[in-house]
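Protein chains in written order, with my numbering: chain Y, 35 to 504; chain C, 2 to 238.
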C-alpha cells in the first residue's frame, strides 16, 4: 500500500475527515440560511417600498388625473437610483417610463409579478445589460397600465457577497484541515511505525526490546507502557520456562544417565548373584527418585491448574499442623534437632488437608535438611492469627538461611542453592508450597529468622492463609 | 505367606498384565486377566475372586464405571484401583465410586502385593476383635493399653495406632505408604524416611528388654509384625 494509502487509513485522518464533512454540512446550512433570511428580508423591504409607491400613485391619479400622474412619474423616473416606472397602453405597448424593454406578458395581470423578471433601462448601453426587478402592476380605469418596481440588483449583490465570504472562509478551513490532517496523520503514523518496528524485533526473538515512549504521557505512551509491562511479564515467564527446561534436562537426565551407567556397570562387572542384587537395588532406588520428581512436577501443575483439581473443605488447621509436627518430630530428633510447635487452637481454613499437610511437610523437611551448622539446634513451627486478618503458619530454622537476593529464586522449580546438589531432594519442594498457597488464595513469604544476626540468619517461611471463614 | 488367593486383573496393557500374572504366581496368588472393562465386569460378576485389581483407564468401559456397576449389582469384592492419573482428586474419585484402595502408577510390585494381601484378608477378618495378640504382645483396643509378657508398655497415641495397624495385619507385609495412609491419613510421598523413624521408635519400645524380636523390616517392601523365629524368611516378601 502506498504511503498516502496508509495515511488515509490512520485513525487521526479518518476522524478529521469525518469532522471536516460534518463541519462543511453545518457551514453550508449556515450559508443557505443566512443568505435565504437576508433575501427574504430585502424582498420584504422592496415589496413594502413598492406597495407604498403604488398607493401614492393611486392617490395622485385620483387627485390629478392622468396628466398629474404622468408628470409625477416623469419626475421620479429621472431621479438617480430611481425605481422602475412604466406606463403602458391597454395592449401593453410602453408609452412612458424609464424602462426600454420588459419581459413580455408582464403587464397582462394586475398586482404583484409572480416572480422576479428581467428588464432593460434606456440608460443601458448594450442589450446585454439586463437587470432583475420585482414590480406591481396597476390597471387604471382608462385602460392604462402602470408598473412600479424595484431593482433587485442590490439585494442580489448582497446575497452573492455573503455567499462568497462564507465560501472563502470554508475553503480556507478546508485547506487548513487538510494540512492539520496530514501533520497529525504523519505523526501518528511515524509513532505507530516505530512501535511496529519494535514489535517486529521482539517477534524476531529479542524479548529484551521495548516499545518506544515519547515521555508525553499521552495515549500512545500509556499503550506502550502497558504493552511493555506485558512484555516484561512474558520475558520473565519465558525465562522461567527456559530455566525449567534446562533444569528438567539436568534433573531428569542426570538420574537417567546414572541409571543407565549402573545397569551397564552391573552387566560388565558383576559375577555374583549378590552383586546383581545390589546393583538392581540401586537401580530401583534411582528410578524411584525419578518417579518422585515426576510426581512432584505433575502435582505442581495439577495444583496450579486450580481449585477444580483438588477438593476444598473446612480444615482444622490447628489439628493439621499438630499432625504434621508429630509426623516429622522423630525425623528432626534423628538429626539432633528439636522440633517445637506453638499452635493457636481452634483455627480452621477452607482448603485441602492433604495439600496443606504436604506443603508443611516439605517446609519442615527443608528446615531439617538445612539446619546443618545451626546456631540453635531447633526448628520452630508456629500457627497464629495475623493482625491484619488471616492465618499464618511459619516454619523457622536457625541454619544458614537464604540470602535476601536469592529468596525469589529458591521458590522457582528445580532451583537449589547448593550447586553440588549434594542434599537429597527434587528442588520442587518450595514450588509446590507456593502452588498450594496460591490454590488457597494465600501467599508464601521468606524471611530471616534472626535478621540482626551476623552470618547464619536462619530462614523462616510463612504460609499465609487469607481470612478464615470462622 | 502363600495365601491361596484368587484375583482378577483388569488391565489393557498386555505386557503389564503378563508381568503381574507371573509375579503373582511366584507370590502364590492365582490370577485371571481381562483386557477391557466389559469383560472385566463380566468375569468379576460370574466368578468369585478375593480381590479385583482394576486399571482406571480401560477400553470399552472405564474402571470407575466397572466398580460402580459391580457395587450396584451387590458384588462387594474388594477392589484395588491402579491409575496413571495424578494424585489429589483421582484417589478420592476412585474410593468414592466404591474402590477399597488406590495405587498410582508407576508402583513397586511389593507395594501392590502388600495391599492386595491386606485387602484379600479383609474378607472375614476379625474386625470386631478387641484384643490383638502377636506372640506375647497384647494390644487392647478398648482400654488403649499394650502389654508384653504381662508388662504394660507406655506408648504415645500415634505409636499405639501404628502398632494397632501392624497387629491388625499381623503376618502380612505393611508398606511405608500404607502406614502413612492408615495411621496418619496422608497420601503424599513424604520424601524422607519419617515412617522408618517412627517404626524404629516403636520397635525400641516393644522390643527393648525382650529377647524375641517381633517387628521385622522386610527389605524392599516394608514392615511385618509376626511371632516367628527371626532366622527364617529374611529379605523375602
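In this text, a Cβ means the ideal position worked out from N, Cα and C, and glycines have one as well.
C-alpha distance - residue i paired with residue j, whole-angstrom precision
i                     : j                     : result
residue 242 (chain Y) : residue 298 (chain Y) : 46 Å
residue 484 (chain Y) : residue 404 (chain Y) : 15 Å
residue 300 (chain Y) : residue 85 (chain C)  : 30 Å
residue 219 (chain Y) : residue 71 (chain Y)  : 39 Å
residue 235 (chain C) : residue 21 (chain C)  : Per-residue confidence for residue 235 (chain C) stands at a pLDDT of 43, beneath the threshold of 50, marking its modelled position as unreliable; the derived number appears in the next sentence. In a straight line, the C-alpha of residue 235 (chain C) is about 23 Å away from that of residue 21 (chain C).
residue 472 (chain Y) : residue 465 (chain Y) : 11 Å
residue 432 (chain Y) : residue 389 (chain Y) : 26 Å
residue 102 (chain Y) : residue 93 (chain Y)  : 10 Å
residue 357 (chain Y) : residue 266 (chain Y) : 42 Å
residue 137 (chain Y) : residue 95 (chain Y)  : 26 Å
residue 116 (chain Y) : residue 110 (chain Y) : 7 Å
residue 369 (chain Y) : residue 220 (chain C) : 24 Å
residue 3 (chain C)   : residue 83 (chain C)  : For residue 3 (chain C), the pLDDT reaches just 45, beneath the cut-off of 50, and the residue's location in the model is therefore unreliable, although a value from the coordinates is still provided. Approximately 23 Å between the Cα atoms of the pair.
residue 124 (chain C) : residue 417 (chain Y) : With a pLDDT of 40 at residue 124 (chain C), under the threshold of 50, the modelled position of that residue is not reliable, and no figure is offered here.
residue 109 (chain C) : residue 264 (chain Y) : 46 Å
residue 237 (chain C) : residue 107 (chain C) : Low local confidence applies: a pLDDT of 41 at residue 237 (chain C) is under 50, so the model's placement there is unreliable, and no value is given.
residue 207 (chain Y) : residue 80 (chain Y)  : 35 Å
residue 217 (chain Y) : residue 82 (chain Y)  : 54 Å
Cβ-heavy atom distance, residue i to the ligand SAM, below 7 Å
i                    : result
residue 75 (chain Y) : Summarising the ligand content, the structure contains no ligands, and the ligand SAM is consequently not present.
First and last residue of the uninterrupted alpha helix (DSSP H) at residue i
i                     : result
residue 43 (chain C)  : 38-47
residue 381 (chain Y) : Residue 381 (chain Y) -> no alpha helix (DSSP H), and no H or E assigned at all.
residue 364 (chain Y) : 351-368
residue 303 (chain C) : Past the edges of chain C, shown from 2 to 238, lies residue 303 (chain C), and the structure says nothing about it.
residue 335 (chain Y) : 307-338
residue 93 (chain C)  : 91-97
residue 405 (chain Y) : From DSSP, residue 405 (chain Y) is part of no alpha helix (DSSP H); its letter is neither H nor E.
residue 469 (chain Y) : 463-473
residue 55 (chain C)  : Segment 52-56 is the beta strand (DSSP E) holding residue 55 (chain C); no alpha helix (DSSP H) there.
residue 72 (chain C)  : 64-73
Beta-carbon gap between residue i and residue j smaller than 8 Å
i                     : j                     : result
residue 382 (chain Y) : residue 427 (chain Y) : no
residue 397 (chain Y) : residue 495 (chain Y) : yes
residue 320 (chain Y) : residue 289 (chain Y) : yes
residue 166 (chain C) : residue 175 (chain C) : yes
residue 76 (chain Y)  : residue 151 (chain Y) : no
residue 237 (chain Y) : residue 258 (chain Y) : no
residue 517 (chain Y) : residue 248 (chain Y) : Chain Y is shown from 35 up to 504; residue 517 (chain Y) falls before or after that span and cannot be answered.
residue 355 (chain Y) : residue 375 (chain Y) : yes
residue 30 (chain C)  : residue 55 (chain C)  : no
residue 168 (chain C) : residue 226 (chain C) : yes
residue 49 (chain C)  : residue 13 (chain C)  : no
residue 362 (chain Y) : residue 11 (chain C)  : no
residue 279 (chain Y) : residue 296 (chain Y) : no
residue 111 (chain C) : residue 19 (chain C)  : no
residue 67 (chain C)  : residue 38 (chain C)  : yes
residue 184 (chain Y) : residue 171 (chain Y) : no
residue 3 (chain Y)   : residue 154 (chain Y) : Since the first residue shown for chain Y is 35 and the last is 504, residue 3 (chain Y) is missing from the structure and cannot be characterised.
residue 184 (chain C) : residue 163 (chain C) : yes
First and last residue of the uninterrupted beta strand (DSSP E) at residue i
i                     : result
residue 33 (chain C)  : 30-35
residue 105 (chain C) : 102-105
residue 499 (chain Y) : 493-499
residue 121 (chain Y) : 118-122
residue 248 (chain Y) : First-last for residue 248 (chain Y): undefined, no H or E at that position.
residue 430 (chain Y) : 425-430
residue 7 (chain C)   : 6-11
residue 223 (chain C) : 223-226
residue 371 (chain Y) : Here residue 371 (chain Y) belongs to no beta strand (DSSP E), and DSSP marks it neither H nor E.
residue 413 (chain Y) : 412-419
residue 436 (chain Y) : Neither: residue 436 (chain Y) is in no beta strand (DSSP E) and is coded neither H nor E.
residue 82 (chain C)  : 80-84
residue 218 (chain C) : 216-219
residue 478 (chain Y) : 477-482
Short CB-CB distance (under 8 Å) between residue i and chain A
i                     : result
residue 159 (chain C) : Absent from the structure: chain A. Protein chains present are Y and C.
**OP:** Below 8 Å between beta carbons is the criterion; list the residues of the stretch 356-371 of chain Y that meet it against any residue of chain C, in chain order.
**Re:** Taking 8 Å as the Cβ-Cβ cut-off against chain C, the residues of the stretch 356-371 of chain Y that qualify are 357, 360, 361, 362, 364, 365, 367, 368.
**OP:** Report the residues of the stretch 141-157 of chain C with a CB closer than 8 Å to any CB of chain Y, ordered along the chain.
**Re:** For the stretch 141-157 of chain C, which is checked against every Cβ of chain Y, not one residue is closer than 8 Å.
**OP:** For the stretch 371-391 of chain Y, enumerate the residues whose C-beta is nearer than 9 Å to any C-beta of chain C, in chain order.
**Re:** Only 386, 387, 388, 389, 391 from the stretch 371-391 of chain Y bring a Cβ to less than 9 Å from some Cβ of chain C.
**OP:** Please name the residues in the stretch 183-205 of chain C whose beta-carbon is closer than 7 Å to at least one beta-carbon of chain Y, in chain order.
**Re:** Answer set for the stretch 183-205 of chain C: 185, 187, 188, 189, 190, 191, 192, 193, 195, 198, 199, 202.
**OP:** May I have a chain-ordered list of the beta strand (DSSP E) segments no shorter than 3 residues that lie completely inside the stretch 97-183 of chain Y?
**Re:** Counting only runs of 3 or more, we get 118-122, 128-131, 133-136, 151-155, 165-173.
**OP:** Mind listing, in chain order, the continuous beta strand (DSSP E) runs of no fewer than 3 residues lying wholly within the stretch 118-201 of chain C?
**Re:** Annotation: the stretch 118-201 of chain C contains the following complete segments of the beta strand (DSSP E) (minimum length 3 residues), in chain order: 132-135, 138-141, 146-149, 152-154.
Original post:
Hey, which unbroken runs of the beta strand (DSSP E) at 3 residues or more fall wholly within the stretch 175-230 of chain Y?
Top reply: Considered as a whole, the stretch 175-230 of chain Y harbours 179-185 as its complete beta strand (DSSP E) runs of no fewer than 3 residues, in chain order.
Subject >> Residues in the stretch 320-331 of chain Y having any Cβ partner in chain C nearer than 7 Å >> reply: Within the stretch 320-331 of chain Y, the residues whose Cβ lies closer than 7 Å to some Cβ of chain C are 325, 326, 329, listed in chain order.
Subject >> Where the stretch 274-290 of chain Y meets chain C: residues whose CB sits under 7 Å from a CB there >> reply: If the cut-off is 7 Å between Cβ atoms, the stretch 274-290 of chain Y has nothing near chain C.
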